[in-house]
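Contents: one structure, followed by commentary.
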Amino acid sequence: MHRPTRLWLLMPLMLPTALQASEPLLESHYEARYRGFDLELARTLTPLGNQRYRFESIADSALARIEESSTFTRDSRGKWTPLEYSYRQKIFGLSKGYELKFDESAGKATYSDGDGKKQISIEPDTLDPLLYQLRMQHDIARKRGSYSYHFLRRTKLKQYSFKVEGQDVLTLNGEGVEAMRLVKDDGADDTRIWFSETDGYQLTRMTYTDDGETYEIKLDHASTSPAFADWIAE
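Residues -21 to -1, 1 to 213 in mature numbering (1 follows the signal peptide of the UniProt record, and there is no 0) are what the sequence shown lists, from first letter to last.
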């Protein structure tokens, strides 16, 4: 994942078909530190109706702002299909970004930025850089046991695999909570993430170190709708 998309995080049966455009299913808030910046990170999962959802991540500070958005479908069979992904970054007043549009039936995705467009061939079940994080939370809530994800980052296809390393007790709102610790399995970088069973296996903490760059997020608080616990585990 390119650096900003490591603002993880990464999110139910009232079947997806029954959920219509409404208030968010999930709103989670984190304290984050990235490239020397202290940021506030917020993520929101909102049903749009007709089996469509939007998962948004916004990290903000006085000097930096990073926005990601994934629009996707999840049908009654449990298939997740990305439709559009966007990334926007503004640091010290300098902006950049890109978009991905997916056409799984044609086996293609279109990448576009300020320099133009490019088509990329994709395989079935390819996700986007933000959606695979949500899918990981879903798989953990279902206790799937296998956590491997194929996704498109910019113009490159990536494969990330994680393994469960153990359990830890983390502090959340002044109380100890048990959290499952997972590590990225390829050894290319040091990525550790913790998910607690609280409120639908929320991502509680993540640390990342690679080439001297470090990133960390800690859950501050989260709120969920009554439908979320079923949605994330279905």
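Built from N, CA and C at the ideal position, the CB exists for glycine as well.
Please read all numbers here as calculations on a predicted model, not as lab measurements.
Relative to the Cα of PHE16, the nearest Cα in the group ALA206, ALA212 and GLU195 belongs to GLU195. Bridge partners of PRO26 according to DSSP: TYR32. In chain order, GLY86 and LYS87 place their CB closer than 7 Å to the CB of SER100, counting only its own chain and leaving out the 5 sequence neighbours on each side. Contact annotation: ALA206 and THR183 have beta-carbon atoms that are not nearer than 9 Å. In the DSSP assignment, GLY155 falls within the beta strand (DSSP E) that extends over 154 to 163. For SER84, the secondary structure class from DSSP, reduced to helix, strand or coil, is helix. Sorting LEU5, LEU18, LEU20 and ASP39 by C-alpha distance to the C-alpha of ARG33 places LEU5 at the top. Looking at the DSSP output, GLY76 shares a beta bridge with ARG67. The Cβ atoms of LEU79 and LEU131 sit closer than 9 Å to each other.
Note on geometry: alpha-carbon atoms of ALA201 and GLY179 lie some 10 Å from one another.
Nearest neighbour of PHE81 by Cα position, chosen from LYS69, THR50 and THR203, turns out to be THR50. Here ALA43 carries a strand assignment [DSSP, helix/strand/coil]. A residue is called buried when at least 16 other Cβ atoms come within 10 angstroms of its Cβ; SER125 does not meet this threshold and is exposed.
Looking at the DSSP output, PRO61 bridges to PHE51. Contact between GLU47 and SER55 is ruled out by a C-beta separation of about 27 Å, above the 8 Å threshold. When C-alpha distances from ALA208 are compared across ALA120, PHE141, GLU10 and TYR9, the shortest belongs to ALA120. One alpha carbon belongs to GLU10, the other to THR186, and they sit about 12 Å apart.
For ASP168, no beta strand (DSSP E) segment is defined, and its DSSP state is neither H nor E. As the crow flies, the alpha-carbon of ASP104 is around 15 Å from that of TYR64. For GLN138, the CB contacts under 6 Å within the same chain, skipping 5 residues up- and downstream, are HIS129 in chain order.
Ranked by Cα distance from VAL162, the first of GLY155, THR170 and TYR66 is THR170. With fewer than 16 neighbouring CB atoms inside 10 Å of its own CB, ALA41 falls in the exposed class. C-alpha of LYS96 to C-alpha of MET115: approximately 29 Å in a straight line.
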